[in-house]
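Enquirer: Chains as they are written, first to last, in the numbering used here: chain H, 16 to 152; chain P, 16 to 152; chain S, 16 to 152.
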Amino acid sequence: MKAHTEYLVFSTRKRQELINITERVSEIVRRAAIAEGMCLVSAMHITAGIWVNDEEEGLKADLAEWLETLAPARPDYRHHRTGEDNADAHLKRTLVHHQVVLPVTSGALDLGPWEQVFYAEFDGQRKKRVVVKVLGE
Amino acid sequence: MKAHTEYLVFSTRKRQELINITERVSEIVRRAAIAEGMCLVSAMHITAGIWVNDEEEGLKADLAEWLETLAPARPDYRHHRTGEDNADAHLKRTLVHHQVVLPVTSGALDLGPWEQVFYAEFDGQRKKRVVVKVLGE
Amino acid sequence: MKAHTEYLVFSTRKRQELINITERVSEIVRRAAIAEGMCLVSAMHITAGIWVNDEEEGLKADLAEWLETLAPARPDYRHHRTGEDNADAHLKRTLVHHQVVLPVTSGALDLGPWEQVFYAEFDGQRKKRVVVKVLGE
Chain H
16 MKAHTEYLVF STRKRQELIN ITERVSEIVR RAAIAEGMCL VSAMHITAGI WVNDEEEGLK
76 ADLAEWLETL APARPDYRHH RTGEDNADAH LKRTLVHHQV VLPVTSGALD LGPWEQVFYA
136 EFDGQRKKRV VVKVLGE
Chain P
16 MKAHTEYLVF STRKRQELIN ITERVSEIVR RAAIAEGMCL VSAMHITAGI WVNDEEEGLK
76 ADLAEWLETL APARPDYRHH RTGEDNADAH LKRTLVHHQV VLPVTSGALD LGPWEQVFYA
136 EFDGQRKKRV VVKVLGE
Chain S
16 MKAHTEYLVF STRKRQELIN ITERVSEIVR RAAIAEGMCL VSAMHITAGI WVNDEEEGLK
76 ADLAEWLETL APARPDYRHH RTGEDNADAH LKRTLVHHQV VLPVTSGALD LGPWEQVFYA
136 EFDGQRKKRV VVKVLGE
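(1) Are the beta-carbon atoms belonging to His19/P and Ala50/P less than 8 Å from one another?
(2) Which residues in the same chain as Ala61/S place their Cβ atom closer than 8 Å to its Cβ, once the five residues preceding and following it in sequence are excluded?
(3) Answer yes or no: do Met53/S and Val146/S have a C-beta to C-beta separation smaller than 8 Å?
(4) With DSSP as the reference, please indicate the residues paired to Leu150/P in a beta bridge.
(5) Given 7 Å as the limit, tell me if Lys148/H has its C-beta closer than that to any heavy atom belonging to the ligand GTP.
(6) Whose C-alpha, out of Ser121/P, Gln131/P, Phe133/P and Val132/P, is nearest the C-alpha of Gly151/P?
(7) State yes or no: is the beta carbon of Arg39/H nearer than 8 Å to at least one beta carbon in chain S?
(8) If I follow the unbroken alpha helix (DSSP H) through Glu32/H, where does it start and stop?
(9) Going along the chain, which residues of the stretch 60-72 of chain S sit with their C-beta nearer than 8 Å to a C-beta in chain P?
(10) Is any beta-carbon of chain H found at less than 8 Å from that of His105/S?
(11) Span of the alpha helix (DSSP H) holding Trp81/P?
(12) On the three-state DSSP scale, how would you describe Arg144/P?
(13) Which of the residues in the stretch 17-39 of chain S, read from start to end, lie with their CB under 7 Å from any CB of chain P?
(14) Check distances from the C-beta atoms of the stretch 119-133 of chain S to those of chain H and list, in chain order, the residues that come in under 9 Å.
(15) Within the continuous beta strand (DSSP E) that includes Ala135/P, where are the two ends?
(16) Hey, is the stretch 65-77 of chain H in contact with the stretch 75-94 of chain P, meaning 3+ C-beta pairs nearer than 8 Å?
(17) Smallest Cα separation from Trp198/P: which of Gly127/S, Leu117/S and Arg144/S?
(18) Is the beta carbon of Leu55/S closer than 8 Å to that of Lys148/S?
(19) Please classify Thr109/P: does DSSP put it in a helix, a strand, or coil?
(20) Does the beta carbon of Val146/P come closer than 8 Å to any beta carbon on chain H?
(21) When you compare the CB of Val116/H with every CB in chain S, is at least one pair closer than 8 Å?
(22) For the beta strand (DSSP E) containing Ile65/H, name the first residue and the last one.
(23) Run the CB neighbour count on Gly98/H, radius 10 Å, all protein chains shown included, and call it buried at 16 or more, exposed below.
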C-alpha cells in the first residue's frame with residue numbers, strides 16, 4: 016500500500032469563492048503513482064467545503080444564492096458573541112459538506128462526465144488549507 | 016491490498032426515485048473477496064446522490080417532500096439559461112450528498128440495524144452510473 | 016495493509032446532543048498503530064450524524080437552532096404513521112451527514128487547527144453505535 020499526501024493552500028480575494036481544483040487534484044493523483052485506490056480531499060478549515068458538481072457559471076451562482084437563503088449571513092448568531100462574524104460560513108460548509116473521496120482507477124481520477132471538484136470558500140481572504148491524501152497500490 | 020471496482024447503471028422511469036441498492040452493493044463486496052476494508056459508493060452524475068437511511072415508505076415520501084421545500088423545482092434558476100431545467104436536482108444532490116464510504120468487516124458490509132443504501136435520482140429517465148470501489152485485504 | 020475497527024456506544028441523556036469525540040477517535044488511531052491511512056467515523060443509527068466543526072458553545076447552539084428551522088420536529092410527517100415520532104431526526108442527520116473520513120498522517124489524525132469531530136445525536140436516550148475503522152500501513 017502506498018500513501019501520498021499534499022496540501023493545497025488558498026487565499027481568496029473575495030469572501031466567498033468556488034475554485035475548480037479538479038486539475039490540481041488530478042496532478043496529485045498522478046504524483047501518487049498508484050493504479051487503484053482512493054483520494055480524500057478535505058477542507059481543513061471549518062468555514063470551507065468541497066463540492067463536486069458542474070463547471071457552469073449559472074449553476075455556481077444558483078448555489079451561492081441558495082446557500083444564502085438556507086444559511087443567511089446575519090448579525091444575531093450566538094457564535095458572534097465571541098467576536099466572530101462568520102457563523103453562516105460554518106453552516107454553509109455543513110450544507111455542501113467539507114470533503115469528498117474520489118475513486119482512482121487505472122492510475123487516474125475516476126469521475127463521471129460532468130463531475131468537477133470545487134473548493135468552496137465561505138470566509139476567505141486569508142490562508143486556508145485542503146488536505147489531499149491518496150491511498151492505494 | 017486488493018481493489019475491486021464495479022459500476023451500477025440506472026435508468027429510472029420517473030424523474031425522481033429512491034432505489035434501495037444495499038443488496039447489490041453487498042454482492043459487489045462479496046465479489047471483492049476482502050476481509051477488511053472500505054467500500055466507496057459514489058454517484059457519477061451530478062444530479063443524483065447516495066442516501067443511507069431507513070427503508071420505510073413514509074419516510075421516503077417525507078424526504079422527497081422536504082427536499083422539494085428546501086430546493087424547489089423552479090423555472091428561474093440561472094442554470095436554466097443554458098437550456099437545462101434541472102438546477103433543483105443539482106441542489107437536491109448537494110443536500111443528500113452524493114457518496115458514502117461503507118465499512119467492510121469480516122468480509123461483509125458493516126451496517127447498523129436500519130442502515131439501507133439508496134440511489135437517489137433527481138433527474139432520471141436516462142442512463143446514469145454509480146461507481147462502487149472496494150479497497151482492503 | 017492494516018485494519019483496526021472499534022465501536023463507540025452512546026446513550027445520551029437528552030434527545031439531542033453534540034458530543035465531542037475527537038480525543039476518543041485519536042486514541043483509536045493510536046491503537047491502530049499505522050503511520051499513513053484513513054479513518055472512517057460513521058454513525059450506525061439513522062437518526063444520528065457526524066459533524067466536523069468548531070468546539071464553541073455559541074456555534075453549537077446556532078447549529079441546533081438552524082437544523083430545527085430547516086428540518087423541524089412536527090407531528091405530521093408520514094413516517095409517524097408507523098408509530099415513530101422522529102422523522103425530523105432522520106432529516107437532520109441527512110443535513111449534517113452521517114460520516115467523515117479523517118486522514119491519518121505520521122501516525123496521528125491530520126486535522127486542521129479548529130477541526131473537532133462531533134457525534135450529533137438527534138434522537139437519543141437509548142444505546143446507539145458509531146463505527147470507527149482505520150485502514151493504512
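From the three backbone atoms N, C-alpha and C, an ideal C-beta is built for every residue, glycine too.
Expert: Reading it off the structure:
(1) Along the second sequence, read from residue 1 onward, the residue named residue 19/P stands at position 4. Along the second sequence, read from residue 1 onward, the residue named residue 50/P stands at position 35. Contact: no.
(2) In the third sequence, the residue the question calls residue 61/S occupies position 46. In the sequence as displayed, the identity of residue 61/S is Ile instead of Ala. Excluding residues within five positions, the ones whose Cβ falls inside 8 Å are His105, Arg108 and His113.
(3) To locate residue 53/S, count along the third sequence from 1; it is residue 38. To locate residue 146/S, count along the third sequence from 1; it is residue 131. Going by C-beta atoms, Met53/S is not nearer than 8 Å to Val146/S.
(4) By one-based count along the second sequence, residue 150/P stands at place 135. Leu150/P is bridged to Ala18/P and Met53/P.
(5) Because no ligand of any kind appears in the structure shown, any question about the ligand GTP cannot be addressed here.
(6) Stepping through the second sequence from its first residue, residue 151/P is reached at position 136. Among Ser121/P, Gln131/P, Phe133/P and Val132/P, the Cα nearest to that of Gly151/P is on Ser121/P.
(7) One-based indexing of the first sequence puts residue 39/H at position 24. Judged by the 8 Å Cβ criterion, Arg39/H is not in contact with chain S.
(8) Here residue 32/H corresponds to residue number 17 of the first sequence, with the count starting at 1. Careful: Glu32/H lies outside any alpha helix (DSSP H), inside the beta strand (DSSP E) at Glu32 to Asn35.
(9) His60 and Ile61
(10) Here residue 105/S refers to the residue found at position 90 when the third sequence is read from its first residue. It does not: the Cβ of His105/S has no partner Cβ on chain H nearer than 8 Å.
(11) By one-based count along the second sequence, residue 81/P stands at place 66. It spans Glu72 to Leu85 - the alpha helix (DSSP H) in which Trp81/P sits, taken as one unbroken run.
(12) Stepping through the second sequence from its first residue, residue 144/P is reached at position 129. Strand.
(13) Ala18 and Thr20
(14) Val119, Thr120, Asp125, Leu126, Gly127, Pro128, Trp129, Glu130 and Gln131
(15) Counting from one through the second sequence, the residue named residue 135/P turns up at place 120. Gln131 to Glu136 is the extent of the beta strand (DSSP E) around Ala135/P.
(16) yes
(17) Because residue 198/P is not part of the residues shown, which for chain P are 16 to 152, the question remains open.
(18) Within the third sequence, residue 148/S is the residue found at index 133, counting from 1. Within the third sequence, residue 55/S is the residue found at index 40, counting from 1. Cβ atoms of Lys148/S and Leu55/S: closer than 8 Å.
(19) As a first step, residue 109/P is located in the second sequence; it is residue number 94 there, counting from the start. If DSSP states are grouped into helix, strand and coil, Thr109/P belongs with the helices.
(20) Stepping through the second sequence from its first residue, residue 146/P is reached at position 131. Yes, contact with chain H.
(21) Position 101 of the first sequence, counting from 1, holds the residue named residue 116/H. Yes - at least one Cβ of chain S is within 8 Å of the one on Val116/H.
(22) The count along the first sequence starts at 1 and reaches residue 65/H at position 50. It spans Ala63 to Asn68 - the beta strand (DSSP E) in which Ile65/H sits, taken as one unbroken run.
(23) Stepping through the first sequence from its first residue, residue 98/H is reached at position 83. Per the 10 Å Cβ criterion, exposed.
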